[in-house]
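Top to bottom, those sequences are chains C and L. For the first sequence, full-length UniProt numbering begins at 1 and goes up steadily by one. For the second sequence, full-length UniProt numbering begins at 1 and goes up steadily by one. So the structure is just underneath, and the comments pick up after that.
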Amino acid sequence: MTLSLAACAESDDGGGGGGGAGADETGPIKIGAVLDITGAGASLGVPERQALELLAGQLEEEGGIDGREVELIIEDNQSTEDGAAKAMNKLVNEDEVDIVLGASRTGPSLAMRPIAESTETPMISLAANQAIVEGSEWVFKTAQNDRVVIERMIDYMAEQGWTTVGLARDASGFGEGVAEMFDEIGAEQGISVVATEKFAPDATDFTAQMVNLRDAGADVNVIWGIPPAAGLAQRAYDQLGIETPVMQSHGIGNQVFLDTAGDAAEGMVAPLGRLVVADQLPADDPQKEIITSFIDDYTAEYGAGPSTFSGHAYDAWQLAIDALSEEGTDPQAIREHLEGVTDFTGISGIFTMTPEDHAGLPKEALALVTVEGGQWKLVPDEGN
Amino acid sequence: MTDLLQLLFAGLSQGAVYALVAIGFVAIFTVSGVINLAQGEFAALAGLVAISAVGSGLPLLAAVVLAVVSVALVAVIMERLVIFPVKRMTTLVSLILTLGVSTGLKALMLLVYGPNAEGLTPLTPGGFSVAGVSIRYQELWILLIAGLVSLAVYWFYERTLAGKSLRACAEQPVAARLVGISLTKASLISFLIAGTVGAIAGVLASPIYFTSWESGLTLGLKGFVAATLGGLISVRGAVLGGLLLGVLETLTAGYISTGLRDAVAFLLLIIVLVARPAGIFGRTAEARV
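Right, dumping it as structure tokens:
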């Protein structure tokens with residue numbers, strides 16, 4: 001799956017100036033991407049691929065980076081850890097890419113991390129779990145950390161006066177450590193998890209988990225997963241007639257969730273990127289312009305709007321292009337550039353990276369969103 | 001008590017889908033000794049055909065009929081192209097051949113329908129609640145139609161001359177040919193039945209359990225386990241095996257751990273193959289190995 005972009009100028013005038021001494025300054029700049037295009041993560045990986053292909057096409061029209069061709073190589077990891085590691089190895093060793101984007105989900109991203117670290121290849125993951133970048137040197141990420149998501153959710157729970165939480169979480173990397181983090185962050189407000197249920201990312205029947213949540217009798221239940229599983233779980237929850245309010249994670253920001261959950265999603269609350277409620281943002285929102293123009297371009301190309309996941313891909317691509325055009329292809333220079341990113345306005349939020357924080361998004365990057373009449377709706381809340 | 005009933009009901013409706021897939025395995029195996037690993041793909045394909053037909057504006061019932069007919073046709077074509085030309089068919093050869101077909105069908109579905117999982121519109125949307133147990137109308141449809149289809153297939157194989165002559169092909173191929181039963185025709189009919197039953201399972205399950213290009217894999221494996229519980233040659237055993245598997249899975253998920261859910265089928269398979277290779281419901285006299 002290779003998308004090759006023709007160079008507009010053959011001349012090689014040294015790129016964006018100041019490429020490191022050992023950097024390869026000839027031939028195309030290569031960006032690799034490892035995405036969950038098939039398998040359980042397909043509802044994430046497909047829009048991410050579409051966003052990257054759109055952006056690569058736009059860059060080609062602009063003539064690449066300072067006239068240098070940019071080649072995008074996309075690999076499908078089939079939503080598996082070993083697939084991700086294999087794809088990462090291929091991109092680094094065979095294709096010799098300058099930077100890698102992906103993977104779409106936590107598990108595959110974690111499988112790629114040691115390869116990025118040992119081969120000193122800059123990598124920007126699109127997944128959520130903080131463990132992907134914790135203590136990393138070469139790995140960055142664009143999806144909001146699960147920690148800031150949980151902070152946002154705890155704020156809302158405290159506002160509502162809820163103290164006990166029932167959790168049904170994804171059994172894969174995305175849900176790993178979530179219950180512990182709820183307890184840790186919620187401790188101050190006296191909020192704790194009283195029941196934890198798990199489901200496989202490709203599960204289809206959720207009766208057992210939801211029955212157990214019902215019996216736990218918590219103030220609020222949290223479903224932590226990605227569509228379609230998250231949507232089916234929401235449906236099972238509604239179908240069992242459980243009246244307790246339900247919150248979901250930022251893993252559900254796409255149309256697939258609305259389609260799978262249907263009416264059952266009405267009233268559910270989730271912290272999501274602003275992309276899904278772009279039309280409801282105030283005119284002075286600093287992200288409004290960039291989000292709106294991405295939505296317009298994406299919709300014009302694919303006939304349907306983008307998801308928050310395509311937003312994560314957009315941000316990773318822009319961060320990569322920014323670093324490549326400023327620093328050339330020297331990996332160390334790219335790494336240092338990414339680490340110094342300050343107030344970089346993206347789709348998922350405004351990024352400020354530091355050597356300690358390779359995710360760069362605060363909890364303000366998330367808006368509390370509900371579903372009304374099958375549409376995403378901004379929740380009136382002090383943080384929004 | 002409410003929980004137990006709820007779990008039992010969820011398990012039965014899931015089990016009914018396994019049962020239908022299992023009948024497909026049995027229908028073919030009893031006639032030609034072929035284990036058709038593409039059985040799960042029949043269900044997935046039917047679901048996807050129906051979803052895309054509804055998406056392009058066809059009424060639900062027409063879409064369902066279209067899906068069942070086209071998958072039955074696929075099964076028949078498969079038999080003619082892949083099974084019929086092989087002169088000396090053994091169960092091992094059949095496994096390899098049908099695994100190939102299954103992989104091919106999966107790739108084709110991915111290509112045509114894309115990687116996303118989707119659900120078909122339910123026959124009757126919504127549901128109701130009895131004594132705290134929530135029931136979806138679609139689940140009732142699954143149980144009802146699965147029951148009728150099982151009865152029809154059972155009646156065909158056990159009570160009609162045509163069905164009996166099909167089974168004769170497997171038990172005494174030479175004698176069957178001597179009395180004028182066409183082996184090739186029998187194999188074709190068995191694939192037609194398996195395709196139809198698999199397709200019905202696919203369109204019934206899709207509204208609740210969703211369909212994607214790869215959902216046939218799990219469904220096929222579970223169906224195979226269910227069929228094996230019944231010794232692979234008994235329609236009644238396959239149905240009971242499917243229901244038992246569905247219920248055990250949900251109870252395991254509810255009372256032990258959701259992580260063990262998918263392990264149940266294979267634990268069961270190992271136990272049965274070791275302890276009772278003829279199936280837990282089968283009489284040992286029925287063993288044909």
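Positions of the beta carbon are idealized from the N, C-alpha and C atoms, including for glycine.
In this structure, does DSSP put residue i in helix, strand or coil?
i, result
"C/Val-97", "coil"
"C/Trp-376", "strand"
"C/Asp-170", "strand"
"L/Thr-50", "The sequence as given places Ala at residue 50 of chain L; Thr does not occur at that position. Helix at L/Ala-50."
"residue 398 of chain C", "Nothing can be reported for residue 398 of chain C: it is not among the residues displayed for chain C, which extend from 1 to 384."
"C/Lys-30", "strand"
"C/Val-148", "helix"
"C/Ala-283", "coil"
"C/Met-123", "strand"
"C/Phe-344", "strand"
"C/Thr-204", "coil"
"C/Trp-224", "strand"
"L/Glu-118", "strand"
"C/Glu-197", "strand"
"C/Val-139", "strand"
"C/Ile-252", "helix"
"C/Ile-185", "helix"
"C/Ile-242", "coil"
"L/Ile-83", "helix"
"C/Ile-132", "helix"
For residue i and chain C, any beta-carbon pair shorter than 8 Å?
i, result
"L/Gly-242", "no"
"L/Leu-108", "no"
"L/Gln-14", "yes"
"L/Leu-105", "no"
"L/Leu-140", "no"
"L/Gln-6", "yes"
"L/Thr-121", "no"
"L/Pro-207", "no"
"L/Thr-258", "yes"
Among residues of its own chain, excluding the 5 on either side of residue i, which ones have a beta-carbon nearer than 8 Å to its beta-carbon?
i, result
"C/Gln-189", "Ile-154, Met-157, Ala-158, Thr-163"
"C/Val-220", "Met-157, Gln-160, Trp-162, Thr-164, Val-165, Gly-166, Thr-244, Pro-245, Val-246, Met-247"
"C/Tyr-298", "Gln-50, Ala-51, Leu-54, Gly-305, Pro-306, Ser-310"
"C/Lys-198", "Ala-168, Arg-169, Asp-170, Ala-171, Gly-175, Gln-209"
"L/Thr-228", "Gly-241, Leu-269, Val-272, Leu-273, Gly-279"
"C/Val-149", "Ala-128, Ser-249, His-250, Pro-271, Lys-363, Leu-366"
"C/Ser-192", "Thr-163, Thr-164, Val-165, Phe-182, Asp-183, Gly-186"
"C/Asp-285", "Arg-274"
"residue 290 of chain L", "With chain L represented from 1 up to 289, any question about residue 290 of chain L goes unanswered, as that position is not in the structure."
Please go through the same chain and pick out, in chain order, the residues whose beta-carbon is closer than 6 Å to the beta-carbon of residue i, but skip the five residues on each side of it.
i, result
"C/Glu-339", "Met-353, Pro-355"
"C/Phe-344", "Phe-351"
"L/Phe-156", "Gly-163"
State yes or no: is the beta carbon of residue i nearer than 8 Å to at least one beta carbon in chain L?
i, result
"C/Gln-375", "no"
"C/Asn-77", "no"
"C/Lys-30", "no"
"C/Val-211", "yes"
"C/Leu-258", "no"
"C/Ser-307", "no"
"C/Phe-199", "yes"
"C/Ser-43", "yes"
"C/Val-194", "no"
"C/Asp-82", "no"
"C/Val-46", "yes"
Which residues does DSSP pair with residue i in a beta bridge?
i, result
"C/Pro-271", "C/Leu-368"
"C/Asp-76", "C/Leu-35"
"C/Glu-117", "C/Glu-117 is not bridged to any residue."
"C/Thr-106", "According to DSSP, which records beta bridges pairwise, C/Thr-106 is partnered with nothing at all."
"C/Ser-192", "C/Thr-164"
"C/Glu-71", "C/Lys-30"
"L/Thr-211", "L/Glu-118"
"L/Leu-28", "Position check: residue 28 of chain L holds Ile in this sequence, whereas Leu was assumed. Answer is none; L/Ile-28 lacks a bridge partner."
"C/Phe-351", "C/Phe-344"
Who are the near neighbours of residue i in its chain, counting only those whose CB is closer than 7 Å to its CB and skipping five residues on each side?
i, result
"C/Ala-23", "Reliability fails at C/Ala-23, whose pLDDT of 48 lies under 50, so the model's placement of it is uncertain and no value is given."
"C/Thr-207", "Ala-236"
"C/Gln-78", "Thr-38, Gly-39"
"L/Phe-29", "Ile-35, Leu-232, Ile-233"
"C/Glu-81", "Gly-107, Pro-108, Ala-111"
"L/Ala-27", "Val-153, Ser-190, Ile-193, Ala-194, Val-197"
"L/Leu-8", "Val-247"
For residue i and chain A, any beta-carbon pair shorter than 8 Å?
i, result
"C/Thr-204", "This model lacks chain A altogether; the protein chains it does include are C and L."
- Can you list, in chain order, the stretches of the beta strand (DSSP E) that have 3 or more residues and sit fully within the stretch 121-206 of chain L? 127-130, 133-136
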